[in-house]
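S.K.:
Numbering (the working numbering), first residue to last: 5 to 179.
Written as structure tokens, this is what we have:
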């Protein structure tokens, strides 16, 4: 797939002026497509499969900021801990503990977003409101010295219902 350079530059200019960073989701895309964006100056890419992320990190330039955007299993954290820029979906304290453990092994702090379950669908993951509140108020997060919580994220329901989506993101914003 060829990159529409003019469209990319227009979008990038608009986002930069709003202090927003574009994360190009590169899952299933060949390295050549990523390099086309890279050659335009883009450095932030998101993957949702650990093996694909590991393979791309090994074969592409080292100044790429890799974002893990999928559901992450605790047993796979070790594969991305050496290089991941931001893990977007920390959906349990168990996962937070493992990220902290692997960050310590790599002598680095790993940036994370806590995932909040805001969707009506049960197939989505994340902390429910009470569990998130309890975690944050308990002070336990301070024990995870190799993790930096950068914010929250939520996956809305797969729906065209704008009222439902607005309600779900309003719920996320309330946290």
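Every residue, glycine too, gets a C-beta built ideally from N, C-alpha and C.
My parser needs the beta strand (DSSP E) runs of 3 or more residues fully inside the stretch 66 to 115; what are they?
M.R.: 69 to 72 and 90 to 94, all fully within the stretch 66 to 115.
S.K.: Apply the 10 Å Cβ neighbour rule to residue 130 and answer buried if 16 or more other Cβ atoms are within range, or exposed otherwise.
M.R.: That one is buried.
S.K.: Considering only DSSP beta bridges, list what residue 131 is partnered with.
M.R.: Looking at the DSSP assignment, residue 131 forms a beta bridge with 120.
S.K.: If I measure Cβ to Cβ from residue 160 and keep anything under 7 Å in the same chain, skipping five residues before and after, which residues do I get?
M.R.: 122, 123, 169, 172 and 173.
S.K.: So does the stretch 6 to 19 actually touch the stretch 36 to 47, counting three or more Cβ pairs closer than 8 Å?
M.R.: Short answer: they touch.
S.K.: How about residue 87 and residue 56: are their beta carbons less than 7 Å apart?
M.R.: Not a contact, by the Cβ cut-off of 7 Å.
S.K.: Closest by CA to residue 34, which one among 51, 26 and 24?
M.R.: Residue 34 has its Cα closest to that of 51, out of 51, 26 and 24.
S.K.: Given a cut-off of 7 Å on the beta-carbon distance, is the pair residue 106 and residue 145 in contact?
M.R.: No, Cβ-Cβ distance for residue 106 and residue 145 is not below 7 Å.
S.K.: Work out the CA separation of residue 47 and residue 58 for me, nearest whole Å.
M.R.: In a straight line, the C-alpha of residue 58 is about 16 Å away from that of residue 47.
S.K.: Please determine, among 76, 119 and 44, the residue with the shortest C-alpha to C-alpha distance to residue 68.
M.R.: The residue with the shortest Cα to Cα distance from residue 68 is 44.
S.K.: Can you list, in chain order, the residues of its chain with a C-beta nearer than 7 Å to that of residue 92? Leave out the 5 residues immediately preceding and following it.
M.R.: Hits under 7 Å: 71, 72, 73, 117 and 157.
S.K.: Could you tell me whether the Cβ atoms of residue 29 and residue 104 are closer together than 7 Å?
M.R.: Contact flag unset, no.
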